[in-house]
Amino acid sequence: MNTNTLKKFAQEARKKLIAQIGAKLDYVLNTDSVELREKESQVKRLKEEIAKSSKAQVIDKVAYTWFNRLMALRFMDMNDFQPLGVRVISPKDGFTTPELLEEVKQGHIPADLPVKKDKIFDLLDGKIPSPNPQNEVFKELLIGACNHLHKTLPFLFERINDYTDLLLPDDLISDFSIVQDIRDGMSAEDCKEVEIIGWLYQFYISELNEELISSKKQYKKHELAPASQLFTPRWIVEYMVDNTLGQVWTEINPTTRVTDFLKFYIKPSYLDKLKPRKKKSIEEVKFFEPCVGSGHILSYAFDVYHKIYEEEGYDPNEIPTLILTKNLFGVDIDPRAAQLASFVLIMKARKKVRNFFRTIERTNLQPNISYYQDFDFDKKFKSATALGSLIKVEPQEVEDFKIESNSLFTARQEELKKLYGLLGQSYDVVVTNPPYINSSRMEGELKTFVEQNYPDTKTDLFATFIIRCLEFCNEDGLTGYMTPFVWMFISSFEKLRKKILTENTINNLVQLEYSGFESAKVAICTFTVYKRKIPNFFGAYVRLDQFKSPSLQEPKTLEAIKNLESCNYFYRSNQDNFKKIMGWPISGYRIRKSEQFRLFNSQETLKSITISDGQNITANNNKFLRLFWEVNKNNVALDERWRFYAKGGDFRKWWGNLEYVIDWSQEAIKKYKSDNSARIIPEYLRFRKGITWTLLSSKDTAFRLLPDYATFDKTGSSVFLSNDNDLKKILALLNSKVSKFFLSFFSESFAFQIKEIRQIPLKSFDLNEGQLDVLMEISKLDWNKKETSGEFEISHLLKNKGIELEDTFLLYQQIWTNKFLRNHKIEEKLNFELIRFYELENDLDADVPLEEITILQDELDREALKAQNARLERDPVTGLVSDYSGIELKFDAKEVFAQFISYAVGCMFGRYSLDKEGLILANQGETLEDYLRIVRSSGVETSFLPDEDNIIPVLDDEWFEDDIVSRFKEFLRVTFGKENLEKNLAFVESAIGKDIRKYFVKDFYTDHIQRYKKRPIYWMFSSPNGSFNVLIYMHRYTQDTLSKILNDYLNQYREKLRARVEHLDQVIVSGSSTEQTKAAKEKDKIRAVLLELQEYERDILYPLATERIGIDLDEGVLVNYNKFGKAIKEVSGLNDKKAKAKVREFDWIDTSTIR
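Residue 338 is where the sequence shown starts when you use the working numbering, and the numbers rise one by one after that.
Structure, rendered in C-alpha cells:
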C-alpha cells in the first residue's frame, strides 16, 4: 500500500467532488425543470439543510458522503462482497465498463435492485432521449445499488430520495469521472486490507486538517472533528490492543495461548503476583473506543477477539455476531468517521462469514458505534459535538432514560439513548488515540467544560482523555493510548503524572523517537495503564530515541520485545521511584538501579547557590528591541539608552549570541513598570554576571556566560549565582553530559525552564580554572570574529596575514583547527572529571561528538565533522582522545571569503578601517572627516580611504571607475600588495565559485541580508529589474543621498548608456555582418534598460529625492528601510507587502512616512 499515492488520490478526489457538487448545487437551486419538480421533497430538504448550516458545509457533507459511498462500493467490489452478486462501480477483470452496467446492457437487471426497469431499458433503447444514455443509466443503477445497501449498511447509505442523490456528479462513466478516479486510486491490491478505508479518510481531510492546525486560531465546533482526526499506525494499534485486551484475557484465563499470536504483547514480570481477576466469559469482556475515528483500533480488536473465541471453541459462524453485539463499542464526534468505523467492522465480519449480510437483514444487527449530535432537548448532550466522550453518564441515568412513543422526537431519542448506553456503562478495556488540542485552541464550550471538570489536565485535550478513559474502565480495567509524550516530563502535566502514579499503574510504555511518527507532527508515546494501583509493580518501557527514522520504530520495538533481558533500550522500572525526582517525570524509568535515584535525593541542588527572580518582558519587542548594529554605536553602553540583551539564539556554548539591545531609557523603564503585560527584573539582578541559555532550541541546550553589561528575557533564560566566583565552574557543569543526564529526566525536548535547571543535583567538585579560561577565550574569540559581534575588530584573514591570500587561508585554517581541537579536548576532560565526581561512570561516557563543538559554526562542514568522529583515537582506559593527528577539518572557503568580502565592503564605507581595529563610523551622520579624525588619532596615516559620498555602484560592467569591483581590487592591492593582485583576486573568485563582479551583482546583497538577519546596514537602491544598483551605508545616510544617487549616478549611467547606443549605431552601419547582429541585440537590450531607468527616475526616485527623507536609527531598520518605497530593493520579511502592513500598524512611529 503506497500511502503517498493514496494521499494524492484522496486529496484530488476531495477537490473534484467539492467542485462538481458545488456546480450541481447551483444548478438545483437555480433551475426550474420537470425533473426537479418531481423531486420537490428532496429539494426542500436540501434547502432546509443549507438554512441550518451553510452552502459550503452542505457541499462538504455531500462530497464526503459520496466519497465514502464510492470508496465502500469499490472495496466491496474488489472483495466480491456485493450482495447483488455483481460489481457495482468496477468492471470485471479484463473489461472497462462497470460490471453492473454491462449486465444491464445485456438485459439482466438484478431482481433485488430497486430501479425502474422500464426507464432503464427505454434509455438504452433510445426511447427516452438522452445526450449520454449509458451515463444516465449508470446513475440510476448507482443510486439503486446504494438504496439496496441501505438494508445492510444504513449508516452509510441513506434511505431512497435522500437529497445527496440530487447532487451526484453528472459524469460517472468517462475516463475523467470521479468513479474512474476511485477505481484508479484504490487498486485491487490496496483493497485487500480494510485499513485502506482509514488511510483514505485521513488523507481525504488532510489538507483541511493541516489548514486548521496551521491557522493557530481557536477551533469552532464543526472544526473539532477534522482538526483532530489522526490515523493510528497499525503497529501501535497492535501494541495497545495486545497489551490491554490480550493482558486482560491472560489474567482471566492464564492458560490461554492467544498471546502467542500477539507479537507486541509484553508479559509483565510480576504476572503471577497480580491480583486474581474475576472469571468471566469472553462474551462479557467489553472493549470501548471513545474516539473511534475510522475504526482502526476496533478493527484489530475484532481480530484478537476472534482468536479468543476460536480458542474457546465457539461456532465460527456465530463469532462475528457476538463480537459486534457484545464486545466492541465506539463513538466519535465525526459522523463520517463513525460511518466508516461501522463499515470496517461489518467488512471484517463479512470476510469471516460469507452470508453475514443475511444475518444483518434477518436480525437488524448493527455495530455498537455511534456519533455525537447536539440534542437541544437534553441538557447533557446539548453540546455533544464539542464535548464528545467527556460527557459523564451515570448507570442510573441510563436506566431512567425513557423514549416517548408516538413523539416527533422518537427517532432522535433512540439515537440519544444509544449514546447514554455507550457512556453509562463501564468497560474492561478502553483504548484510544485521543484528540491533541491545546487549551488555547479548544472551542469555547469545550474549554469551559474541561476547566470546570478536569482542571488538572486542562492543558491539552489528550491529557483529559487519559483520565476520562480510566473513568470508563471498571476497577480491574486496562487502558491504552497513543499521545504526545510531553505529558511524561513537562511541568504543565505534573498533576496528571501524580494522579497516574499514585492511583494507577503503568503496565508498559513505548517512547518513540522525536520524529518517529511523521503524521502526528509531535513526538509520540504509546502506553497502557491499569486503573488500579498495583504495589511494587515493575512496568516495561521501550525507548526508541536512538532510532531516527519513522520506519525503524516498529521493528526496533519488536526487537526489544523479543529480547527483553538483553536489549539495551528496554527497561523495567518501579514507578514509585519516579516520585523521587522533581516533578515525578515518567522518564525515571531509564534509571536501571533503584539506588541511583539517590542522586535526585541530594539535599543540595543548584537552587541552593543560584538566584532567579523573573525575566524582562517589554510587551512590545518591535518598539523596544533592536539588533545592536541598527542603532548608534555611542548609544549602546551601560550608561546609554541601548543595553545588550540576551535573547537566546543558536546552539552555542560558553560565550556569544549577544546581538540584541533593549531600550533602557527612563521612558522605556517607566513603560515596563506600568504596562500590565510587561515585566522588569529587580534592580539587584540588572546587569549582573550570570549564565544564560536559549529557552527553545532545535538541537540541544547550550549555556553561555551572561556578561555584566547585558540583561535578558525569557527566550534567553538566565540564572545568577550567589557567589560569582563559582560562575565558570557551574557553567562547565551545565555544559557537561552530567547536566544533560539530569535534565533529560525533566524534559525530552530542548526547552528547559529555570525551575528545571535549578533542580540539578549539586555535589562538591573542583575543576581546572585554567582550562575553563581557555574555553571562554576560544569561544569569545570565535564569536568576536563575526561582524555581528559588538566586539568585532578585524577580519581574521588579516589578523594573521601571509604574503598571499592562499597562504593566509592555510594559516587561518591551521590556527583555528588547533583552537577547535583544543576546545574539544578540554570539553571531554571536563566531562570525564564531572562524571567521576558524580559517580556516573556506568551511565555516561565523556565523548563529545566533534559536531557539538560550537565554535566555527559557519566555517566548518558539520556533516564532514560527523564523519571524522570515527577517526578519533581514544585511550582504552579513560576513553579520552589520545591522538588527533588523523583529524582534518573541512573549512568552507566560500563562507570564509564571503566574510572577508563583507569586511572589505565595510572598509569601503568607513565602518571599519585597515588602520584601526573596531568600529569607526557607526553613528548617524558621521562623515569622511570623522573617519580621518578617528583613525589619525592613533598616530597612523590612512592606507585605504572610504568612499567619499557613501554611494557605491554595483553594476554588471565597469561603468564607473569607483564601482564596487574597482574598490575591492584596490582593497586587495592595499592588503596584499600590487604584485599579487591578480593572483589573489583569482583565489577569491575560486573560493566563492564565480567572477567577483557576478558575486557582487547576484550574491552579495543576499548574503548581507542573511548575515545581518534581515536588518541590513548596507542598503541597495535598485531599479525595478535590477539594471541599476547602488549601495549606501545607512549610518552615513543624509537627506541629500537620494539626490546624489539620482544626479551623480543614475543620470550619469543613463548618459553612458546613450553614448554606448551611439557607438552601436555606428557598428550597425559600418561593421561586419556578425558585428552588426551583435550590436543590434545589445542596442535593444540597452533601450529596454533606458526605459526602465527613465521610469525609475520619473515614478520612484525623483519624487522621493525631492522629499529629502530623513531617518532615525533608533527606529530601527524595519521602519527606516520601509520609508523608501520601491526605490530600495525588496527583501522578504523586511519590506515586502506583509512586512509593510506590519510596520503600518506601529503606533509609535509616524506611519505616513512608510511608502
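Beta carbons: idealized from backbone N, C-alpha and C, even for Gly. These numbers were taken from a predicted model, which means no experiment stands behind them.
S1054 is a Cβ neighbour of I1094, given a cutoff of 9 Å. Here L549 really is in contact with Y556; their C-beta atoms are around 7 Å apart, less than 8 Å. When K990, F937, L975, G1027 are compared, the shortest CA-CA separation from Q952 is found for G1027.
For Y1390, the uninterrupted alpha helix (DSSP H) run begins and ends at 1388-1407, by DSSP. When secondary structure is reduced to three states using DSSP, P1098 falls in the strand class. N770 and Y576 have their C-alpha atoms some 12 Å from each other. V768 sits away from A877, with the two beta carbons spaced by 9 Å or more.
Within the DSSP bridge table, the entry for W991 names R1041 as partners. In the DSSP assignment, D369 falls outside any beta strand (DSSP E), carrying neither H nor E. I1257 sits close to G1247, with the two beta carbons spaced by under 9 Å. Fully contained in the segment 618-654 are the following beta strand (DSSP E) runs of length 3 or more, in chain order: 624-626.
Annotation: N775 is outside any alpha helix (DSSP H) and is labelled neither H nor E by DSSP. Between I827 and F799, the CB-CB gap reaches or exceeds 9 Å.
In the structure shown, the three-state DSSP call for T820 is strand.
For S910, the enclosing beta strand (DSSP E) starts and ends at 907-911. In the displayed model, G951 falls within coil according to three-state DSSP, outside both helix and strand. S1359 is bridged by DSSP to N1366. When the five nearest sequence neighbours on each side are left out, the beta carbons in the same chain lying within less than 7 Å of the beta carbon of K1320 are those of E1141, in order along the chain. Under the three-state reduction of DSSP, Y867 is assigned to strand.
D417 is not a Cβ neighbour of I355, given a cutoff of 9 Å. Rounded to whole angstroms, the separation of the alpha carbons of K984 and I1018 is 15 Å. Note that the C-beta distance between R834 and P892 is not below 9 Å. A residue is called buried once 16 or more other Cβ atoms fall within 10 Å of its Cβ, and P435 is buried on that count.
A contact between stretches requires three or more CB pairs, one per stretch, nearer than 8 Å, and the segment 923-936 fails this requirement with the segment 884-904. Per the Cβ contact rule, the segment 1228-1245 is in contact with the segment 1324-1331 (3 or more Cβ pairs under 8 Å). Closest in C-alpha terms to N911, from the list E1106, S949, I843, A1323, comes I843. Residue pairing for A877: DSSP places it in a beta bridge opposite N845, R909.
Counting along the chain, the unbroken alpha helix (DSSP H) around N790 starts and ends at 781-790.
Two segments are said to touch when three or more pairs of C-beta atoms, one from each, lie closer than 8 Å; by this definition the segment 1307-1314 does not touch the segment 1270-1278.
Non-local C-beta neighbours of L1043 in its own chain, meaning closer than 7 Å and more than five positions away in sequence, comprise A983, K1026, G1027, I1028, T1029, F1049, S1055, ordered along the chain. It is roughly 15 Å from the alpha-carbon of S903 to the alpha-carbon of L881. Rounded to whole angstroms, D521 and L438 show a C-alpha spacing of 18 Å.
Here DSSP, grouped into helix, strand and coil, assigns E812 to strand.
Residues T501 of the same chain have their beta carbon placed closer than 6 Å to that of T402, with the five preceding and five following residues left out of the count.
For L1135, the secondary structure class from DSSP, reduced to helix, strand or coil, is helix. Under the three-state reduction of DSSP, R1435 is assigned to helix.
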